[in-house]
Amino acid sequence: MESTSFVNNPEIQKHRWWILIAVCSFTFMSTLDGSIVNIALPVMSSTMHVPMNKAEWVVSIYLIVICTLLLLFGKLGDAHGKIRVFKIGTMLFTIGSLLCGFNTGLTFLLIARIIQAVGAAMTMSTNNGIITEVFPAQEHGRALGMIGSFVALGSIAGPGIGGLILAHFNWGYIFWINVPIGLLAILVGHKILPKDVIMTHQKIDKPGTILFAITMITLFVGISMGQQVGFTQPLILTMLFVALIALGTFYMWNYTLKHPF
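Residue numbers for the sequence shown, in this note's numbering: 332 to 592.
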């Protein structure tokens, strides 16, 4: 494992606040897209000619994918470089945002949301780590506090920004608003973000990854579907039971590992 730190690099320190701006931009957009869609669901349901309970999956699938992949991408960032994972995530998120805006049907939109969510998970799982590597210890609180502020701002601003966009444009623009911001942040980030020097090169725990994914997917899909059809349905009870078993197995598996997932 490399012990080199960005803190001792004067060139990187000169640009550290620009790095923070790039990181905060994607933090804001990732959280914004978790809330901005809610206000557009009735319009989406109408224009795509799908019932409201199906349109709600546009929100649910984004959150499910992020929750499922956060730990995996955090581990990949530790092993192979947080900045590398972050850069790939910025591109995927922007591409997903572009695709989401095209009104070609619910299936296409859900696939685009998955791409967007994968990118969001990659940036959200590595943003704090990048900042702690770039900023000196005495500035960690201030820098991490700014990231936290943008997380809150993205969640709060979603409905307001979404309503403003829908008042003047079609719903596709709630996703396309991310594209110019994303491209600018990508250009800034790729120009000033350094190459990774802090990596563990540890192997990814594949069984743990699969067990955690099964837990998250069955739990959240079960809860989402249960709200629509009732929690006493056999399918819902089976999903929740599988989630419980997978979670217990995940815990026991990690208990035996030298480097838990």
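Idealized CB from N, CA, C, for every residue including glycine.
Is the distance from the Cβ of residue i to the Cβ of residue j below 7 angstroms?
| i | j | result |
| --- | --- | --- |
| S428 | F481 | no |
| P525 | I352 | no |
| T454 | G420 | yes |
| V354 | P467 | no |
| V368 | V390 | yes |
| V381 | L441 | no |
| S361 | A451 | yes |
| G308 | V416 | The displayed coordinates of the chain run from 332 to 592. Any statement about residue 308 would go beyond what the structure contains. |
| M383 | S376 | yes |
| L401 | S456 | yes |
| I350 | P490 | no |
| W584 | G539 | yes |
What does the alpha-carbon distance come out to for the pair residue i and residue j?
| i | j | result |
| --- | --- | --- |
| K385 | N340 | 51 angstroms |
| Y393 | T546 | 16 angstroms |
| H346 | F424 | 24 angstroms |
| E387 | N458 | 28 angstroms |
| L497 | G579 | 44 angstroms |
| L550 | A577 | 10 angstroms |
| D527 | A448 | 24 angstroms |
| I478 | T358 | 7 angstroms |
| L542 | F581 | 6 angstroms |
| W348 | T569 | 49 angstroms |
| G513 | K418 | 11 angstroms |
| I462 | A474 | 7 angstroms |
| K537 | G412 | 18 angstroms |
Would you identify the three-state DSSP class for residue i, choosing helix, strand or coil?
| i | result |
| --- | --- |
| T540 | helix |
| M379 | coil |
| D527 | coil |
| K534 | coil |
| N340 | coil |
| Q558 | helix |
| V368 | coil |
- prompt: In chain order, which continuous runs of the alpha helix (DSSP H) of length 4 or greater are located wholly inside the stretch 440-513?
  reply: 458-465, 471-499 and 504-507, all fully within the stretch 440-513.
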